[in-house]
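Numbering (the working numbering), first residue to last: 204 to 413.
Okay, structure coming up:
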């Protein structure tokens, strides 16, 4: 599992996952003055590479992000801690946190694992926890996406399990229209952007009703 998680982190770096998160941050933090300090909760943090990338991006703009990871896998939680991200072992759908207890909530590459009903529940959970904004980044389904990933992953030397899992995940991804519909069903008013690497990024500020 540790090897697969490290390959997912490499995939985020090379195939648009980290860039998608930066896009979401740029939208939500526009106008936030340098010197600000904000908490960032990453649900399903994996190896912790995305909150780590978010911290670096924000630091370059004079903003301090304080990351917190949540991960149901103890192996992944250990890797996240090794990357400098404090991480608790818990389920993203039932986070042990109070309402409005963090500034920003990030969920990346979790949605495609869930049924539409579970996605709606997760979106509502994010909205309940966040004070300032939510970023949901995931894979976008597309005919050429699995082929593109397969070639790229093989070139980077990913193990077979990671390649197969990646192709399966892409095929299970949602379209932009489907994700917009789920946001509406969850009762939040968000924007959904298509990003390079067959990525979708949904962002919204809690309290904005659909």
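All C-beta atoms, glycine included, are put in the ideal place defined by N, C-alpha and C. All of these numbers come straight from a predicted model, not from anything done at the bench.
Cutoff 8 Å: residue 325 Cβ touching any chain B Cβ: Included in the structure is just one protein chain, with no chain B present.
Selected residue, minimal CA-CA separation from residue 242, among 293, 308 and 217: The residue given as residue 242 occupies position 39 in the chain shown. Of 293, 308 and 217, the residue nearest in Cα terms is 308.
Beta-bridge partners of residue 404, as assigned by DSSP: Here residue 404 refers to the residue found at position 201 when the chain shown is read from its first residue. Paired residues: 340 and 396.
Local Cβ density within 10 Å of residue 232, reported as buried at 16 or more and exposed below that: Your numbering for residue 232 matches position 29 in the chain shown. Its Cβ being crowded by 16 or more others within 10 Å, residue 232 is buried.
Status (buried if at least 16 other CB within 10 Å, exposed otherwise) for residue 265: As a first step, residue 265 must be located in the chain shown, where it is residue number 62. Counting Cβ neighbours within 10 Å, residue 265 comes out exposed, since fewer than 16 surround it.
Contact the segment 333-344 vs the segment 367-383: 3+ CB pairs below 8 Å: yes
Cβ-based burial, residue 226 [other Cβ within 10 Å; buried from 16]: As a first step, residue 226 is located in the chain shown; it is residue number 23 there, counting from the start. The residue in question, residue 226, is buried, as its Cβ has 16 or more Cβ neighbours within 10 Å.
Contact check, residue 291 vs residue 251, beta carbons under 8 Å: Counting from 1 along the chain shown, the entry for residue 291 is found at position 88. Counting from 1 along the chain shown, the entry for residue 251 is found at position 48. No, these two residues do not count as a Cβ contact at 8 Å.
Whole-Å CB distance - residue 214 paired with residue 364, under 8 Å assumed: For the purposes of this step, residue 214 is identified with residue 11 of the chain shown, where counting begins at 1. For the purposes of this step, residue 364 is identified with residue 161 of the chain shown, where counting begins at 1. Actually they do not touch by this definition, with Cβ atoms about 13 Å apart.
Buried/exposed call for residue 294, threshold 16 Cβ in 10 Å: Reading the chain shown from its first residue, position 91 is the one you call residue 294. Burial call: exposed.
Three or more C-beta pairs below 8 Å linking the segment 256-274 and the segment 311-329: no
Distance, residue 337 Cα to residue 302 Cα: Position 99 of the chain shown holds residue 302. Position 134 of the chain shown holds residue 337. Cα-Cα distance, rounded: 14 Å.
Distance between residue 360 and residue 271 (C-alpha atoms, nearest Å): Within the chain shown, numbered from 1, the residue matching residue 271 stands at position 68. Within the chain shown, numbered from 1, the residue matching residue 360 stands at position 157. Going by the C-alpha atoms only, they are around 30 Å apart.
Sheet register partners of residue 242 (DSSP bridge): Residue numbering aside, residue 242 sits at position 39 when the chain shown is read from its first letter. Answer is 269, bridged to residue 242.
Of the listed residues 304, 300, 258 and 296, nearest to residue 310 (C-alpha basis): Taking the chain shown and counting its residues from 1, one reaches residue 310 at position 107. With distances taken between Cα atoms, residue 310 lies closest to 296.
Classification of residue 369 by the beta-carbon crowding that lies within 10 angstroms, buried from 16 upward: The count along the chain shown starts at 1 and reaches residue 369 at position 166. Label assigned to residue 369: buried.
Ordered list of alpha helix (DSSP H) runs contained in the segment 339-380, each at least 4 residues: 348-358 and 363-374
Sequence ranges, alpha helix (DSSP H) only - wholly within the segment 274-315, length at least 4: 277-285
Test item: CB-CB of residue 402 and residue 261 under 8 Å: In the chain shown, the residue the question calls residue 402 occupies position 199. In the chain shown, the residue the question calls residue 261 occupies position 58. Contact: no.
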